[in-house]
Amino acid sequence: MLTAIVGINWGDEGKGRMVDLLSSDYGIICRYQGGNNAGHTVMNERGKFILNLLPSGILREGTVNIMGNGMVVDLEHLDGEIGRLTEKGISVSPENLKISDRAIICMPYHKMLDVMEEDRLADRKFGSTRRGIAPVYADKYMKKGIRMGDLSSDRDALWEKVRDIVEWKNLTFAGYDHELIDAEEMMEWLTAYGEKIAPYVTDVSAYLAQAAADGKNILFEAQLGALRDIDFGIYPYTSSSQTLASFAPIGAGIPGVKLDRTIGIMKAYSTCVGEGPFTVELFGEEAERLRAAGGEYGAATGRPRRVGPFDLPASRYGVRVQGADSLAVTKLDVLSYLDKIPVCTAYEIDGERTAEFPTGERLLRAKPVIEYLEGFGDVSHCRKPEDLPAAARNYIRFLEEAVGCPVEYVSVGAEREEYVKMF
8 MLTAIVGINW
18 GDEGKGRMVD
28 LLSSDYGIIC
38 RYQGGNNAGH
48 TVMNERGKFI
58 LNLLPSGILR
68 EGTVNIMGNG
78 MVVDLEHLDG
88 EIGRLTEKGI
98 SVSPENLKIS
108 DRAIICMPYH
118 KMLDVMEEDR
128 LADRKFGSTR
138 RGIAPVYADK
148 YMKKGIRMGD
158 LSSDRDALWE
168 KVRDIVEWKN
178 LTFAGYDHEL
188 IDAEEMMEWL
198 TAYGEKIAPY
208 VTDVSAYLAQ
218 AAADGKNILF
228 EAQLGALRDI
238 DFGIYPYTSS
248 SQTLASFAPI
258 GAGIPGVKLD
268 RTIGIMKAYS
278 TCVGEGPFTV
288 ELFGEEAERL
298 RAAGGEYGAA
308 TGRPRRVGPF
318 DLPASRYGVR
328 VQGADSLAVT
338 KLDVLSYLDK
348 IPVCTAYEID
358 GERTAEFPTG
368 ERLLRAKPVI
378 EYLEGFGDVS
388 HCRKPEDLPA
398 AARNYIRFLE
408 EAVGCPVEYV
418 SVGAEREEYV
428 KMF
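Following the working numbering, the numbering of the sequence shown begins with 8 at its first residue and continues without gaps.
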């Protein structure tokens, strides 16, 4: 069974929580895109963990975790992440973590460029996490990247590559009127962290191809959601990679295989980190209550998330582009304080109502059309569908009918076992 777990909305939907839950049925867990620009927060019997680069399956013993060729890897950050897990008693070794030799290394100069450009843009900024993601993906497609496999190459050959890239990069740094970067310092950084990470680097493509041929269960874990996809998201306020399920086999390393199943994750309400159009955004006291109830702060940045009611046009679009077969609704318990629950059922654009999710300038002009459903109180104790109050079941049924996809899982708490399987 080859399954993808993907986000339906802007990211932060709870994918890590669901990967941690479902990983018991899968021997191999793959991250296939993105870098340390977002995080997955996982809570289980071993504690609370925030993962930026490592697949969420690393927390479950017996799994093999893959960082695929579609990822961009900050060696320093990864070293720190591995160290923090090790301190908490989580084993990370070349037996349970394998990094693609084709993945691109996110260098210190990528982060510097990210910061300089966001500062230059000022109030026109894209809301970058300033962790170098856009610059490193740009270099990948400019064929100016350093790959993980280069860490084990001849040192003279690596030095020549670093020197040539730094010479080219300094043309840009000079244009920003910034101090130039030093090739020897970049080589020292690569050497220091590369020696620690190199043992994990391997031909992931060959490993996964054999695993698929052997019929092993493989779970693909996305970072961010459909609306942050570089092609199908709210461009240019997107990530710099493909976040969709259809890219999972490509970004993991086995482009010739087909997915058997796609599970889409969406919250019982809407959240968004970063800049860009967010039609359902709440403000003031109403927003603060929802943000506090859901603990809505970015796992990677700590930034307060923008919050709002469930967005049907955006979610229906996300389900379509992700090709979701079933859904998991997370954080239903967060809505327990509401007597009536707002839902955005349509947009109004230039005086006309639409149920479709628009792109470009039309999305910037969209206003939410809000309807209210009955509140349902505390659901944190529920473990079976019949445990859920009738109003909660009605809310779930309303969502699945509106987006055109069945809800298979409902999360009613942050702990691993705090969920309801609907069918």
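C-beta: ideal position from N, C-alpha, C; glycine also.
TODO: Quick one: measure Cβ to Cβ for Lys263 and Ser107, integer angstroms, because I've assumed they're closer than 8 Å.
DONE: If you number the sequence shown from 1, residue 263 lands on position 256. If you number the sequence shown from 1, residue 107 lands on position 100. Note on identity: in this sequence residue 263 is Gly, with Lys being the wrong assignment. Not confirmed; about 16 Å, so no contact.
- [ ] Could you check if Gly301 is buried or exposed, using at least 16 other CB atoms within 10 Å of its CB as the buried criterion?
- [x] Within the sequence shown, residue 301 is the residue found at index 294, counting from 1. The residue in question, Gly301, is buried, as its Cβ has 16 or more Cβ neighbours within 10 Å.
- [ ] Rounded to whole angstroms, what's the CA-CA distance from Glu65 to Gly358? Just pull it up for me.
- [x] Taking the first residue of the sequence shown as position 1, residue 65 is located at position 58. Taking the first residue of the sequence shown as position 1, residue 358 is located at position 351. Here residue 65 is Ile; the residue named in the question, Glu, does not match the sequence. Near 50 Å, if we compare the C-alpha coordinates of Gly358 and Ile65.
- [ ] Within its chain, find whatever has a CB closer than 7 Å to the CB of Pro375; leave out the 5 residues flanking it on each side and keep chain order.
- [x] What you label residue 375 is simply residue 368 of the sequence shown in a count that begins at 1. For Pro375, where only same-chain residues beyond five positions count, the Cβ hits under 7 Å are Thr286, Val287, Cys351, Tyr354.
Task: Given Tyr207 as reference, the closest of Lys105, Ser322, Gly21 once Cα atoms are compared - done: Start at 1 with the first residue of the sequence shown, and residue 207 comes out as number 200. Measuring from the Cα of Tyr207, the nearest candidate turns out to be Lys105.
Task: Own chain, CB closer than 6 Å to Asp332, minus 5 neighbours either side, in chain order - done: For the purposes of this step, residue 332 is taken as the residue at position 325 of the sequence shown. Excluding residues within five positions, the ones whose Cβ falls inside 6 Å are Arg268, Thr269.
TODO: Pull up the distance between the alpha-carbon of Leu215 and that of Ile12, whole angstroms please.
DONE: Within the sequence shown, the letter at position 208 stands for residue 215. Within the sequence shown, the letter at position 5 stands for residue 12. The straight-line gap from Cα to Cα measures roughly 18 Å.
Task: Limits of the unbroken alpha helix (DSSP H) element including Arg312 - done: As a first step, residue 312 must be located in the sequence shown, where it is residue number 305. That residue, Arg312, is in no alpha helix (DSSP H); it is neither H nor E in DSSP.
- [ ] Spatial neighbours of Asp346 within its chain, please: CB distance less than 8 Å, with the 5 preceding and 5 following residues excluded, ordered by chain position.
- [x] The residue given as residue 346 occupies position 339 in the sequence shown. Apart from the 5 residues on each side of it in sequence, Asp346 sits with its Cβ closer than 8 Å to the Cβ of Gly382 in its chain, given in chain order.
Task: Secondary structure of Pro262, DSSP reduced to three states - done: Here residue 262 refers to the residue found at position 255 of the sequence shown. Pro262: coil per DSSP, three-state reduction.
TODO: Using three-state DSSP, classify Val410 as helix, strand or coil.
DONE: What you label residue 410 is simply residue 403 of the sequence shown in a count that begins at 1. Helix.
Open item on the list: For a test of the three-state rule: what should DSSP assign to Pro206, helix, strand or coil?
Closed with: To locate residue 206, count along the sequence shown from 1; it is residue 199. Helix at Pro206.
Task: Residue nearest to Phe364 in terms of C-alpha spacing, selected from Thr278, Arg390, Phe239, Ala145 - done: Along the sequence shown, read from residue 1 onward, the residue named residue 364 stands at position 357. Among Thr278, Arg390, Phe239, Ala145, the Cα nearest to that of Phe364 is on Phe239.
Open item on the list: Just verifying my parser: in three-state terms, what is the DSSP assignment at Leu104?
Closed with: In the sequence shown, the residue the question calls residue 104 occupies position 97. Leu104 falls in the strand class under three-state DSSP.
TODO: Could you name the residues of the same chain whose beta carbon sits closer than 6 Å to that of Ala409, not counting the 5 residues immediately before and after it, in chain order?
DONE: Here the question's residue 409 lines up with position 402 in the sequence shown. Here the set comprises Leu319.
Task: Residue range of the unbroken alpha helix (DSSP H) whose run includes His388 - done: Numbered from 1 along the sequence shown, position 381 holds the residue referred to as residue 388. Neither: His388 is in no alpha helix (DSSP H) and is coded neither H nor E.
Open item on the list: Quick check on Ile377: buried or exposed, where buried means 16 or more other Cβ atoms within 10 Å of its Cβ?
Closed with: For the purposes of this step, residue 377 is taken as the residue at position 370 of the sequence shown. In summary, Ile377 is exposed, with fewer than 16 beta-carbon neighbours lying within 10 Å of its beta-carbon over all protein chains present.
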